[in-house]
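J.: Next up is a structure, given as structure tokens.
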Amino acid sequence: MSRPVAESKTREVKVFLAPALVNLFPGSELQTEVKASTVGGLIDELDSRWPGMRDRLCDKSTRIRRHINIFVDGKRATVETPVDGSNTVYILTAISGG
Amino acid sequence: MAKVNLLLGTKKGTFLLESSAERREWQIRGPFCEAWPINHVVADETTQTIYCGGGNEWFGPAVWKSRDLGETWTHSSEGLKYGDDQEPVKSVWSIAIDSNRIFAGVEPAGLFQSTDQGQSWQHIESLTNHPTRSQWRPGGGGLILHSIVLHPEDQSQIWIAISAAGVFYSGDNGRSWEPRNIGTRADFMPDGQNYPEFGQCVHSLVMAPDNPDLLYQQNHCGMYRSDDGGKQWKSIEEGLPSSFGFPAAAHPRDPATLYLIPLNGDIAGRYVPDGKAAVWRTKDHGQSWEALREGLPQRNVFFGVLRQALATDTLEPVGVYFGTNTGALYSSVDEGTHWSLIAEHLPPIYSVETFVAGS
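Residue numbers (my numbering), protein chains in the order written: chain A, 1 to 98; chain B, 1 to 359.
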């Protein structure tokens with residue numbers, strides 16, 4: 001049964017961060033929750049908590065790095081992808097190798 | 001008691017080596033910087049702060065910093081970016097420090113400056129906006145700004161080198177730039193176009209001590225000296241086994257002495273000539289050269305030495321160090337006459353720098 005839309009918009013998005021990313025930011029955690037309506041807003045929120053994290057995830061203001069994958073409920077996302085409290089977001093390092 | 005530190009940038013992180021002034025026993029630590037590829041590591045001797053420039057395929061470019069000789073590290077790339085309409089910065093290739101500024105050269109070629117100890121960076125747009133920019137072409141290592149030479153007394157004067165755009169000079173603190181490549185060859189251009197105004201494949205650029213007008217340049221196509229701050233270059237490759245190589249290192253006190261490691265050729269394998277390792281030294285501004293081989297392997301040697309992987313220290317007698325692209329590190333504590341292997345099985349070594357603490 002799906003949750004009411006109004007409820008999901010007020011709840012925080014569950015976010016899982018790649019271990020290699022957590023290693024770069026002392027105090028960050030593998031799992032966190034943020035309030036955001038898009039992936040871009042989610043990255044902004046992460047950057048405000050751990051300054052510099054946006055630069056590690058995006059190579060332009062509107063583009064996720066080539067070897068970083070962000071999934072929203074299992075589907076690859078862009079910074080424009082909408083999110084709400086019903087979603088689970090994974091920020092992962094791509095395999096980038098043979 | 002002086003401690004000598006060797007700072008290595010490698011394909012898999014920064015490594016730090018420390019020794020007493022005798023330079024016989026070395027303690028090695030690393031890899032630091034999360035084993036990112038690190039192209040250049042330098043130290044601000046005044047603050048004993050180490051800066052590492054590099055870039056990671058996943059997380060992009062950054063300058064890493066340690067204020068406690070490697071115990072703890074931070075990283076930043078705040079401002080280390082081009083506009084959204086340009087190719088993103090991929091990696092930091094070179095770092096230079098003076099009394100209140102840190103410069104970072106990056107790939108694709110550009111220059112950034114920090115005035116807050118590497119916490120944030122400002123793009124020096126005048127270089128990227130240079131009218132020749134659209135004609136810069138990448139060398140084998142990419143379109144990289146790999147050499148930054150600062151005037152020791154006059155902060156308005158800066159030389160940079162880009163592979164393959166050549167040497168550029170600013171006399172107004174980076175507000176404007178002019179190519180300084182007259183006399184250097186571009187053998188890869190058609191006949192009649194071998195001495196262009198810019199576009200040469202400079203491999204490294206160094207300044208002699210106590211004479212800011214005296215510059216040396218190892219180029220893809222020859223070895224050169226300038227006696228006038230790069231306005232004119234003269235070939236000094238006669239007597240060398242090859243006109244091709246990457247690094248050059250100046251003596252800390254004698255402007256006539258320079259060290260090189262020529263390689264066998266650009267499309268011949270890029271290893272030491274005849275499979276025999278040698279550092280080549282001039283003591284007369286490049287008029288003559290001698291091979292320094294004692295202690296270096298002389299059979300079946302196929303390593304190369306990259307553009308920032310040869311360095312001198314400031315002690316007496318001078319220590320000379322080089323790291324290979326096969327992860328070996330050699331040193332001489334008598335100005336290059338005798339050599340010893342001090343580390344091996346490291347990752348490919350991209351850069352070697354030194355600093356002496358407590359001297």
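We treat Cβ as the ideally placed atom computed from N, Cα and C, and that holds for glycine. In this text, all values refer to a predicted model and were calculated from it rather than measured experimentally.
With a 10 Å radius around its C-beta and 16 neighbouring C-beta atoms as the bar for buried, classify Gly-222 (chain B) as buried or exposed.
T.: As a working mapping, residue 222 (chain B) is identified with position 222 in the second sequence. It is buried - the Cβ of Gly-222 (chain B) has at least 16 other Cβ atoms within 10 Å.
J.: Using a Cβ-Cβ cut-off of 8 angstroms, state whether Gly-13 (chain B) counts as contacting chain A.
T.: Within the second sequence, residue 13 (chain B) is the residue found at index 13, counting from 1. At a cut-off of 8 angstroms between beta carbons, Gly-13 (chain B) makes no contact with chain A.
J.: If you draw a straight line from the C-alpha of Lys-276 (chain B) to the C-alpha of Arg-299 (chain B), how long is it?
T.: By one-based count along the second sequence, residue 276 (chain B) stands at place 276. By one-based count along the second sequence, residue 299 (chain B) stands at place 299. Going by C-alpha positions, Lys-276 (chain B) is about 6 angstroms away from Arg-299 (chain B).
J.: Measure the Cβ-Cβ separation of Gln-113 (chain B) and Ser-76 (chain B) and say whether it is below 8 angstroms.
T.: In the second sequence, counting from the first residue as 1, residue 113 (chain B) sits at position 113. In the second sequence, counting from the first residue as 1, residue 76 (chain B) sits at position 76. It is not a contact, given that the beta carbons lie outside the stated cut-off.
J.: Spatial neighbours of Met-207 (chain B) within its chain, please: C-beta separation below 6 angstroms, excluding the five flanking residues on both sides.
T.: Walking along the second sequence from the start, residue 207 (chain B) turns up at place 207. Only Val-149, Leu-215 meet the Cβ criterion.
J.: Relative to the alpha-carbon of Lys-3 (chain B), which residue among B:Gly-230, B:Leu-69, B:Ile-182 has its alpha-carbon at the smallest distance?
T.: One-based indexing of the second sequence puts residue 3 (chain B) at position 3. Taking only the C-alpha atoms, the option nearest Lys-3 (chain B) is B:Leu-69.
J.: For Ile-43 (chain A), which residues in chain B fall below 9 angstroms Cβ to Cβ?
T.: Numbered from 1 along the first sequence, position 43 holds the residue referred to as residue 43 (chain A). What Ile-43 (chain A) touches in chain B: nothing, since even the nearest Cβ is about 13 angstroms away.
J.: Return helix, strand or coil for Asp-59 (chain A), following the three-state DSSP convention.
T.: On the first sequence, residue 59 (chain A) is found 59 positions in, with the first residue counted as 1. Correct three-state label for Asp-59 (chain A): strand.
J.: What first and last residue would you give for the beta strand (DSSP E) that runs through Arg-29 (chain B)?
T.: For the purposes of this step, residue 29 (chain B) is taken as residue 29 along the second sequence, with counting starting at 1. DSSP places Arg-29 (chain B) in the uninterrupted beta strand (DSSP E) bounded by 27-32.
J.: State the beta-bridge partners of Leu-341 (chain B) as determined by DSSP.
T.: Residue mapping note: residue 341 (chain B) aligns to position 341 of the second sequence, counting from 1. Paired residue(s): B:Tyr-330.
J.: What did DSSP end up calling Ala-20 (chain A) once you bin it into helix, strand or coil?
T.: Taking the first sequence and counting its residues from 1, one reaches residue 20 (chain A) at position 20. Correct three-state label for Ala-20 (chain A): helix.
J.: Tell me, please, whether the CB atom of Pro-348 (chain B) is closer than 8 angstroms to any CB atom in chain A?
T.: One-based indexing of the second sequence puts residue 348 (chain B) at position 348. Chain A, which has no Cβ nearer than 8 angstroms to the Cβ of Pro-348 (chain B), makes this no.
J.: Considering Glu-125 (chain B), what are the terminal residues of the alpha helix (DSSP H) in which it resides?
T.: Counting from one through the second sequence, the residue named residue 125 (chain B) turns up at place 125. Start and end: 125-128.
J.: Distance check for Ile-349 (chain B) and Ile-28 (chain B), CA to CA, integer angstroms please.
T.: For the purposes of this step, residue 28 (chain B) is taken as residue 28 along the second sequence, with counting starting at 1. For the purposes of this step, residue 349 (chain B) is taken as residue 349 along the second sequence, with counting starting at 1. The alpha-carbon atoms of Ile-28 (chain B) and Ile-349 (chain B) are separated by roughly 14 angstroms.
J.: Below 6 angstroms CB to CB, which residues in the same chain sit around Thr-282 (chain B) once its five sequence neighbours on both sides are set aside?
T.: Translated into the one-based positions of the second sequence, residue 282 (chain B) becomes position 282. Hits under 6 angstroms: Leu-258, Trp-289.
J.: Rounded to whole angstroms, what is the Cα-Cα separation between Gly-9 (chain B) and Val-352 (chain B)?
T.: Counted from its first residue, the second sequence places residue 9 (chain B) at position 9. Counted from its first residue, the second sequence places residue 352 (chain B) at position 352. Their Cα atoms are separated by approximately 7 angstroms.
J.: Any beta-carbon of chain B closer than 8 angstroms to the one on Asn-23 (chain A)?
T.: Translated into positions along the first sequence, residue 23 (chain A) becomes position 23. It does; some Cβ of chain B falls within 8 angstroms.
J.: Which class does Met-207 (chain B) belong to by DSSP, given the choice of helix, strand or coil?
T.: Position 207 of the second sequence holds residue 207 (chain B). Here Met-207 (chain B) sits in strand by DSSP.
J.: For the structure I just gave you, are there three or more beta carbon pairs, one from the region 174-190 of chain B and one from the region 122-138 of chain B, closer than 8 angstroms?
T.: yes
J.: Between which residues of its own chain and Thr-93 (chain A) is the CB-CB distance below 7 angstroms, once the five residues before and five after are set aside?
T.: Locating residue 93 (chain A) in the first sequence gives position 93, where the first residue counts as 1. Ala-18, Ala-20, His-67, Ile-68.
J.: Whole angstroms is fine: what's the gap from Thr-184 (chain B)'s alpha carbon to Gly-295 (chain B)'s?
T.: Mapped onto the second sequence, residue 184 (chain B) falls at position 184. Mapped onto the second sequence, residue 295 (chain B) falls at position 295. Those two C-alpha atoms are separated by around 34 angstroms.
J.: DSSP puts Gly-142 (chain B) in a beta bridge; with which residues?
T.: Here residue 142 (chain B) corresponds to residue number 142 of the second sequence, with the count starting at 1. Answer by DSSP bridge pairing, in chain order: B:Gly-139.
J.: At the level of alpha carbons, what is the spacing between Val-34 (chain A) and Ala-343 (chain B)?
T.: Taking the first sequence and counting its residues from 1, one reaches residue 34 (chain A) at position 34. Taking the second sequence and counting its residues from 1, one reaches residue 343 (chain B) at position 343. Approximately 47 angstroms between the Cα atoms of the pair.
J.: If we cut at 8 angstroms on Cβ distances, does Asp-55 (chain A) have a partner in chain B?
T.: In the first sequence, residue 55 (chain A) corresponds to position 55, counting from 1. So, interface residue.
J.: Can you check whether the CB of Trp-93 (chain B) is closer than 8 angstroms to the CB of Phe-32 (chain B)?
T.: To locate residue 32 (chain B), count along the second sequence from 1; it is residue 32. To locate residue 93 (chain B), count along the second sequence from 1; it is residue 93. Against a cut-off of 8 angstroms, the Cβ pair of Trp-93 (chain B) and Phe-32 (chain B) comes out as no contact.
J.: Mind checking if Glu-78 (chain B) is an interface residue toward chain A, Cβ cutoff 8 angstroms exclusive?
T.: Translated into positions along the second sequence, residue 78 (chain B) becomes position 78. So yes, Glu-78 (chain B) belongs to the interface.
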